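Novice: Numbering (the working numbering), first residue to last: 853 to 1134. Before anything else, here's the structure in question.
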């Protein structure tokens, strides 16, 4: 008889791409039967503002925290928050640095991302990650034409983590929130270069995630409509209509992991690029 699978949240916080953390974490979790991590990856965390967002996510979904942060102040803030929440945390490179420093008798340089070979592929991923972080949640609008992919969707449809996953594969992904009562700007509708994809989820999933989000923020600044089933249903229908009118692909993320959603988007993007290249060569 199969044992029930145990799920836990695993937060990976990095001031670089996060690949080192993901490799170590997956090598560890595979050693435990009937255990499945729910992976949360936060790359390029290099400021207090970026760390604030990470901390909010950790509070919302407590679990193990692994990190590689060179900046002592940011690392100490994360560590103290984990202590306050009673969560285990490990800087996975500290034991390695300690051995090297003891044996070599040299001082660590504290160089962010120094473990990566500076080849063309690396720079492409870093450029994509920087672009994605700058264009998260509609922060920058004036150069969306230079994106590879633009994701649109209402609050809590996994736009940000999906964009980060795509960026880790060298795809410049931006996301634009759909807000009730505020039309999507014509500038977005008229984009020619990037592929635009809509994301939706079931009413139940969005309502649950939003409730957890409100609780984690002590509900300040939110009204009842944010978690109301009828309002959420109307927001989802708004997304469906918008994508239908503009012939944009629409993905339901209700039962999909971020990796599965990103895989489908990359498949769509491959077809999109093929059509675009064919049109350009005609």
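In this text, a Cβ means the ideal position worked out from N, Cα and C, and glycines have one as well. From a predicted model like this one, the values you see are computed outputs, not experimental measurements.
Are the CB atoms of residue 1006 and residue 981 within a distance shorter than 8 Å?
Specialist: Not in contact: residue 981 and residue 1006 (Cβ atoms no closer than 8 Å).
Novice: Would you kindly check if the distance between the Cβ of residue 1084 and the Cβ of residue 1052 is under 8 Å?
Specialist: No. Outside cutoff.
Novice: Along the beta strand (DSSP E) that carries residue 1025, what are the first and last residues, could you check?
Specialist: Segment 1025-1029, the beta strand (DSSP E) holding residue 1025.
Novice: What does the Cβ neighbour count give for residue 1032, buried or exposed, with the cut at 16 atoms within 10 Å?
Specialist: Its Cβ having fewer than 16 others within 10 Å, residue 1032 is exposed.
Novice: What residue does the beta strand (DSSP E) around residue 866 start on, and which one ends it?
Specialist: Segment 858-866, the beta strand (DSSP E) holding residue 866.
Novice: Which residue's Cα is closest to the Cα of residue 892: 977, 1012, 900 and 985?
Specialist: The residue with the shortest Cα to Cα distance from residue 892 is 1012.
Novice: I'd like the span of the beta strand (DSSP E) that includes residue 891, first residue to last.
Specialist: Taken as a continuous stretch (DSSP letters only), the beta strand (DSSP E) holding residue 891 covers 887-894.
Novice: Whole-angstrom Cβ separation of residue 915 and residue 862, contact assumed at under 8 Å?
Specialist: That pair is a contact at about 6 Å.
Novice: Tell me, which residues are paired with residue 920 by DSSP?
Specialist: Residue 920 pairs with 866.
Novice: Can you give the Cα-Cα distance for residue 942 and residue 918, rounded to whole angstroms?
Specialist: The straight-line gap from Cα to Cα measures roughly 5 Å.
Novice: For residue 987, count neighbouring C-beta atoms within 10 Å of its own C-beta (all shown protein chains included) and say buried if the count is 16 or more, exposed if not.
Specialist: Buried.
Novice: I need the DSSP call for residue 948, collapsed to helix, strand or coil.
Specialist: DSSP places residue 948 in helix when its eight states are reduced to three.
Novice: Do you know offhand how far residue 1095's Cα is from residue 1004's?
Specialist: Computed Cα separation, rounded: 9 Å.
Novice: How would you call residue 884, buried or exposed, if buried means at least 16 neighbouring beta carbons within 10 angstroms?
Specialist: Looking at its Cβ environment, which holds fewer than 16 other Cβ atoms inside 10 Å, residue 884 is exposed.
Novice: What did DSSP end up calling residue 1123 once you bin it into helix, strand or coil?
Specialist: If DSSP states are grouped into helix, strand and coil, residue 1123 belongs with the helices.
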